[in-house]
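Contents: one structure, followed by commentary.
Number of protein chains: 2
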Amino acid sequence: MGRAEKVTVRAVAERAGVAVSSVSRVLNDHADVSDGLRARVLAAVEELGYQPDPVAQSLRSGATRTIGCIVRDIANPLFGDIVKGAENVLHDAGYSLLVSNTDGDIRRDVDYIELFLRRRVDGLLLSLQAEDNADMIAALRQASCPLVLLDRDVPGLSASAVLCDHFTGIVAAVGHLVALGHRRIGLIAGQPVIRASRERKRGFDEALAKAGLPVAPELVRLGPYAAEFGHASTLELLDLADPPTALVAGGIQFTMGSLRALHERGVRIGAELSFISADDIDWLELHDPPISVVKRDHMRMGHLGADLLLRTLGGEAHPCFEPVGTTYIHRASVQPPGVSR
Amino acid sequence: MGRAEKVTVRAVAERAGVAVSSVSRVLNDHADVSDGLRARVLAAVEELGYQPDPVAQSLRSGATRTIGCIVRDIANPLFGDIVKGAENVLHDAGYSLLVSNTDGDIRRDVDYIELFLRRRVDGLLLSLQAEDNADMIAALRQASCPLVLLDRDVPGLSASAVLCDHFTGIVAAVGHLVALGHRRIGLIAGQPVIRASRERKRGFDEALAKAGLPVAPELVRLGPYAAEFGHASTLELLDLADPPTALVAGGIQFTMGSLRALHERGVRIGAELSFISADDIDWLELHDPPISVVKRDHMRMGHLGADLLLRTLGGEAHPCFEPVGTTYIHRASVQPPGVSR
DNA sequence: ACTTCCACCGAAATCGATTCCAGAACACTA
DNA sequence: TAGTGTTCTGGAATCGATTTCGGTGGAAGT
């Protein structure tokens, strides 16, 4: 196995017959290095197959070339796409990505923030579970590295952010439902401690207001981002005396739970209940009927998040914001109400 | 922001009026520490809020408490689940997880292996894209840290592995098709450079052989793990003069591409063509008709992989192997042939 | 009273790289 | 020839922790 005698800068220096400082100067191409010395050092480096030890470099420089990424559930394709997009960009820039899994537990947000900061990451990519957690904000204030929020808004924190325009997509989606004649429209979304939830709710309200329709409180269910909440809420909505004729699921977990509930109840989607999923996953198109969605580019979110980090690491002092658009895509799951036969 | 003056072991020593070595001894509870000294040091640690710097510890100890994980596509829920399972276990054991994304490019396997080894990870969790790549094997031989293969088999390499019993599941699945009367059964699977592909093919062959049926070469398509291959292969199979009456997709990407092709062609799954997906994703149950699957516990794979790593890090010298079972689950996508009306 | 031993603690080396500082070698000018 | 600069190079300090080694003081043994 690894019988590689660990070749250090000292070994290179010995081999080349120069001082270690000279080796370092050559490798980091500092000024004041003669051609002869450079050649000898590079030859020795080549012969020994020397590669500097990143751990030692980190100790000396204070930079670890590592980024910490905090998400709720890495197995969720939404976050998977984000992480993938970010990792691609960061890898090309010479950074590695540490991942986490906070799994619905807000305290784990704090734990991972502290863990990653202790590990001296060069930056944090954050999809937090709540924006108002005091412990979390306190932990982030300790950070001396750049922070990038993914579709989150933590007031008073100096951080860049990728911000999705949920509003436009939802307004278009609900507007379409209204235009088709729907009057009782249900919404299942996350709690307002997350920007995405607030924006979706705001778009929902706005679309109804624009149509002069009242918001029926019993049709709006805000809860934790988990399939089970989508499932339970859907059953509740179906059981109302005056149930909705259309339903918007504001998040992919809700979509999953909601569809499961509709299948269990044998509800004919489109015919009996129009359905829209905010957030697109490819298989929704293969559903029968295909599910209308509000789409955004998840990988691009990760990509832009990484860009923002790199920009700050590159010296940009002020927080920057990158918008990501959303589009409503109509599919057969949305039909005019009362086409029940 | 971070106005925290960086509290080091030296600061603690000064505060407590002792030598740095004593502080270290207290913190790593070595022997030869008097109660008085321990108390003074711990008090100073408390007052200053001292936390040792992991980078310095890594340089000194050679251990980084970091594990590298190499997968093809972190956005794929299969790998997402694996990574999640592994991260949970490793986090609890004090390790952090570096992720990668090799994205169908075999050279990136090698790149990431070398990158992670250079970064001195304490272990590697590997879902390689090919088992016979000489460069990759050479790179892995350089490793002086434990290796764990995820559903892979690289002969001659000293590594533990999580091994899925694809064989049993596929035999049951194809056996069921045969029992229902299917005679022409198609298979779309990965290339034999990956154990999973080989085992699925072996199970497929075995099930047919057991039934005394010949393997029709034109019905077996082995190619790269990508939805597009599943899509194209499915179209080809449908266009055969004597097309299959049942189709097994050996991998979730193939399932996705294959289902898309069947939808495009308007094939009535179950009635016109029975369909089985090897690897389960939750939405397959919501498909119309629900898709039969060969299921395995992905998160458990990650969990066991992490356990194997920890076991080796804990001193276990010999490679260990952990089996993961597969189960065939019948759903309505599988019907007797010729129920076309 | 003198050795021996042990418990305890501090100084310094170490991990591997980078960088500051000082000095050597050489050229050029007055 | 002496003096002044350049240009290049080596030694040593540094990053922050761990660990070896050696030394001190006190207690026990003869």
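Chain order of the listed sequences is A and B.
Numbering follows my numbering, with no gaps: position 210 of the first sequence is 210.
Numbering follows my numbering, with no gaps: position 187 of the second sequence is 187.
Just so it is clear, CB atoms sit at the ideal spot from N, CA and C, and this is done for glycine as well.
Buried versus exposed, by CB contacts within 10 Å (16 or more), residue i
i, result
"residue 321/B", "exposed"
"residue 303/B", "buried"
"residue 182/B", "buried"
"residue 199/B", "buried"
"residue 347/B", "Given that chain B is displayed from residue 1 to residue 341, the structure contains no residue 347/B and the question cannot be resolved."
"residue 240/B", "exposed"
"residue 215/B", "exposed"
"residue 296/A", "buried"
"residue 146/A", "buried"
"residue 253/A", "buried"
"residue 129/A", "buried"
"residue 348/B", "There is simply no residue 348/B to check, as chain B begins at 1 and stops at 341 in what is shown."
"residue 155/B", "exposed"
"residue 323/A", "exposed"
"residue 189/A", "buried"
"residue 358/B", "The structure shown does not extend to residue 358/B, since chain B is modelled only from 1 to 341, so the question has no answer here."
"residue 16/A", "buried"
"residue 34/A", "exposed"
"residue 109/A", "buried"
"residue 280/A", "buried"
"residue 197/B", "buried"
"residue 159/A", "buried"
"residue 36/A", "exposed"
Through-space distance from residue j to residue i, alpha-carbon basis
i, j, result
"residue 329/B", "residue 50/A", "54 Å"
"residue 338/B", "residue 232/B", "24 Å"
"residue 81/B", "residue 309/B", "18 Å"
"residue 171/A", "residue 127/A", "24 Å"
"residue 119/A", "residue 335/B", "55 Å"
"residue 96/A", "residue 22/B", "35 Å"
"residue 52/B", "residue 9/B", "7 Å"
"residue 116/A", "residue 93/A", "20 Å"
"residue 3/A", "residue 14/A", "Note that residue 3/A scores 39 on pLDDT, short of 50, meaning its location in the model is unreliable and no value can be drawn from it."
"residue 209/B", "residue 57/B", "58 Å"
"residue 292/A", "residue 161/A", "28 Å"
"residue 98/A", "residue 25/A", "31 Å"
"residue 236/A", "residue 250/A", "16 Å"
"residue 104/A", "residue 72/A", "6 Å"
"residue 76/A", "residue 204/A", "25 Å"
"residue 258/A", "residue 213/A", "24 Å"
"residue 305/A", "residue 121/A", "16 Å"
"residue 312/B", "residue 245/B", "47 Å"
"residue 107/A", "residue 139/A", "11 Å"
Of the listed residues the options, nearest to residue i (C-alpha basis)
i, options, result
"residue 255/B", "193/B, 227/B, 78/B and 30/B", "227/B"
"residue 273/A", "260/A, 238/A and 127/A", "238/A"
"residue 224/A", "191/A, 218/A and 248/A", "191/A"
"residue 268/B", "35/B, 332/B, 164/B and 115/B", "332/B"
"residue 78/B", "8/B, 36/B, 151/B and 236/B", "151/B"
"residue 194/B", "229/B, 133/B, 212/B and 157/B", "133/B"
"residue 74/B", "101/B, 94/B and 211/B", "101/B"
"residue 264/B", "104/A, 85/A, 286/A and 48/A", "286/A"
"residue 12/A", "29/A, 43/A and 34/A", "43/A"
"residue 315/B", "327/B, 205/B and 123/B", "123/B"
"residue 230/A", "270/A, 278/A, 206/A and 38/A", "278/A"
"residue 289/B", "299/B, 276/B, 298/B and 300/B", "276/B"
"residue 270/A", "311/A, 180/A, 298/A and 242/A", "180/A"
"residue 69/B", "7/B, 27/B, 168/B and 114/B", "114/B"
"residue 6/B", "149/A, 32/A and 143/A", "143/A"
"residue 20/B", "168/B, 41/B and 301/B", "41/B"
"residue 300/A", "31/A, 317/A, 318/A and 89/A", "89/A"
Distance cut-off 6 Å: residue i Cβ against heavy atoms of the ligand HEM
i, result
"residue 36/B", "What this structure holds is no ligand at all, so the ligand HEM is not there to describe."
Quiz prompt | Interfacial residues, the region 18 to 51 of chain A to chain B, with Cβ spacing under 7 Å | solution = 51
Task: the region 208 to 222 of chain B touching the region 175 to 189 of chain B, judged by at least three CB pairs closer than 8 Å - done: yes
Item to check | the region 92 to 103 of chain B: positions lying closer than 9 Å to chain A by Cβ | outcome: 96, 97, 98, 99, 100, 101 and 103
- Identify each residue in the region 259 to 273 of chain A for which the Cβ-Cβ distance to at least one residue of chain B is less than 7 Å, and report them in chain order. 259, 260 and 263
*Can you list, in chain order, the residues of the region 238 to 259 of chain B whose Cβ is nearer than 9 Å to any Cβ on chain A?*
256 and 259
Can you pull out the residues from the region 152 to 166 of chain B whose beta carbon lies closer than 7 Å to at least one beta carbon of chain A? none
For this session: Note down, in chain order, all residues in the region 295 to 324 of chain A with a beta-carbon under 7 Å from any beta-carbon belonging to chain B.
Result: Taken residue by residue, none of the region 295 to 324 of chain A has a beta-carbon sitting less than 7 Å from a beta-carbon on chain B.
Open item on the list: Output needed in chain order: residues of the region 77 to 88 of chain A with a Cβ under 7 Å from some Cβ in chain B.
Closed with: 77, 80, 81, 83, 84, 87 and 88
**Prompt:** the region 56 to 69 of chain A: which residues have C-beta closer than 9 Å to a C-beta of chain B, in chain order?
**Reply:** If you check each beta-carbon in the region 56 to 69 of chain A against every beta-carbon of chain B, the ones closer than 9 Å belong to 56, 58, 59, 62, 64, 65, 66, 68 and 69.
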